[in-house]
Amino acid sequence: ITTADRQAIVRCIKESGRLASVVTHGTDTMIETGRWLVSSTDLVELGCTVVLTGAKLPERFKDTDADFNLGSAATAAQLLPPGVYISMGGCICAASECERDEAGIFRLRAPDSTPRAWEH
């Protein structure tokens with residue numbers, strides 16, 4: 057995903073006129089996009105809630121997590137205060153505080169990198 061792609065995301069959110077948006081995104085660069093959106097002054101000025109989500113397996117596969125992640129993201133977008141968030145595998149965290157471990161699991165980055173009890 058390029059800077060132009062990320063700018064297009066901001067443009068779509070602005071043009072929608074909505075206070076909450078869910079963006080489906082590939083998981084390889086989702087954290088980078090989330091952090092880029094956090095720094096977007098256009099998005100900050102809108103005061104909206106943006107939740108990025110994706111899937112380990114595409115939606116067309118039988119055992120995909122796409123439906124669960126999309127549902128979680130839609131709920132988060134309605135309940136969270138303005139900001140940019142990532143919703144994957146039941147973990148919803150601010151994009152600036154999200155990390156992906158070696159196994160591909162998205163989680164909230166702990167200050168000392170120690171996993172929290174609920175991350176088992």
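Those letters in the sequence shown? Residues 57 to 176, by the numbering used here.
Don't be surprised by glycine CBs; every beta carbon is placed ideally from N, CA and C.
Item: Helix, strand or coil: how does DSSP classify S95 here?; Value: coil
Item: Go through its chain and collect everything with a Cβ distance to R165's Cβ below 7 angstroms, but skip five positions before and after it.; Value: E153, C154, E155
Item: Can you give me the Cβ contacts of K70 inside the same chain, cut-off strictly under 6 angstroms, excluding the 5 residues immediately before and after it?; Value: none
Item: Measuring alpha carbon to alpha carbon, tell me which of T58, V140, I57, M144 ends up nearest D123.; Value: M144
Item: Tell me the residue span of the alpha helix (DSSP H) that contains L135.; Value: 122–135
Item: From the DSSP output, in three-state form, read off R74 for me.; Value: coil
Item: Between I148 and the rest of its own chain, which residues show a CB-CB distance below 7 angstroms, the 5 nearest in sequence each way excluded?; Value: S128, A132, Y141
Item: In chain order, what residues of the same chain have a beta carbon less than 7 angstroms from the beta carbon of G139, not counting five sequence neighbours either side?; Value: T105, A150
Item: Taking the C-alpha atoms as reference points, what is the distance between V78 and V66?; Value: 12 angstroms
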